[in-house]
Amino acid sequence: MLQKYFGALYPAKEAVEQILKPRDGYTPIILDVGAGSGGWAIDMSLQFPHCEVIGLDLVPPKIREVAVPDNCWFEIDDGNLSFTHWTNKFDLIHVRCINEGIQDFPTFFNNLAQTMKPGALFIIGCGTFQFYDKNEQPYQDVKEGEEGFSWVQKWFREVSRHYINIHSTSPGLNPESISAEMWWETWAANNPNFVNINMLNMKTRIGNWSSEPSEEIACADELCKLDIFMLIQSYIPLMSSSGYPPETIEHWSKVRIPGPT
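Add 47 to the 1-based position in the sequence shown for this note's numbering, that's all there is to it.
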């Protein structure tokens, strides 16, 4: 989905392609933290066959119907641990959608900084639990039936509250990790290893309800809608374990995503 918005597998297209450009006698190395399915790492290894790509996650990737290129491999490890075995190794580090799993982001940033070569590029991104109306105004925390109510916003706000509760009461977990993106820029600026820091905030439509976008953007909008549906379903076990009544969870999880309101 994001590839259709960026026109590439990554933001900062020119910077990424500059740092990964082929050079005689040199092999750029990429680290993908929180590799998940392994799709991004594999796609990058195909796009940049002269690079090495390492995918890192707590569990092996579920790779289907595609061969892993020789210049790509995966390692099982915890991003909360230090990376002293990778000191001064990477030209590009990519991190996406791992907020809930990181215990201490400033330490995480510093550990990754030690693995970066001078002039390396660090890209981190995630979605948020805040949704917006057609005028790009945030949905508020209001009750069902009140003006401005959104079932989708209600669901994700409850998920966020549950995560905050877990992180507030569990040793080693920081409640700030739930909305860590709010502090990324500050944490990076406070670390002398990071310079030329840029923050990109981007809104995407949930479903193709606009008559204006191109075919590529319309496709991305529909993919976003599908992602939201799948994400809602994926949080059902979490909400069940938190004590919400089954009938409430069933009602919330079956809501439909309408057009603009």
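Every residue gets a Cβ at the ideal spot worked out from N, C-alpha and C, and that includes glycine. Since this is a predicted model, take the numbers as computed values, not measurements.
If one requires a minimum length of 4 residues, the alpha helix (DSSP H) runs lying completely within the region 224–273 are 231–236, in chain order. For the 8 angstroms CB-CB criterion, L139 and I101 do not form a contact. Here I296 carries a helix assignment [DSSP, helix/strand/coil]. In the DSSP assignment, no residue is bridged to D71.
Residue C119 holds the alpha-carbon nearest to the alpha-carbon of A82 among F53, C119, D71. In the assembly as shown, G195 is an exposed residue. Its beta-carbon has fewer than 16 other beta-carbons within 10 Å. Taking a C-beta distance under 8 angstroms as the contact criterion, T251 and C271 qualify as a contact pair. Take Q280, set aside five residues on each side of it, and the residues of its chain with a beta-carbon closer than 7 angstroms to its own are S300, in chain order. Here I244 really is in contact with E232; their C-beta atoms are around 6 angstroms apart, less than 8 angstroms. Nearest Cα to D90 within the set I110, Y73, S289: I110. Ranked by Cα distance from L285, the options G174, E147, A167, T175 are led by E147.
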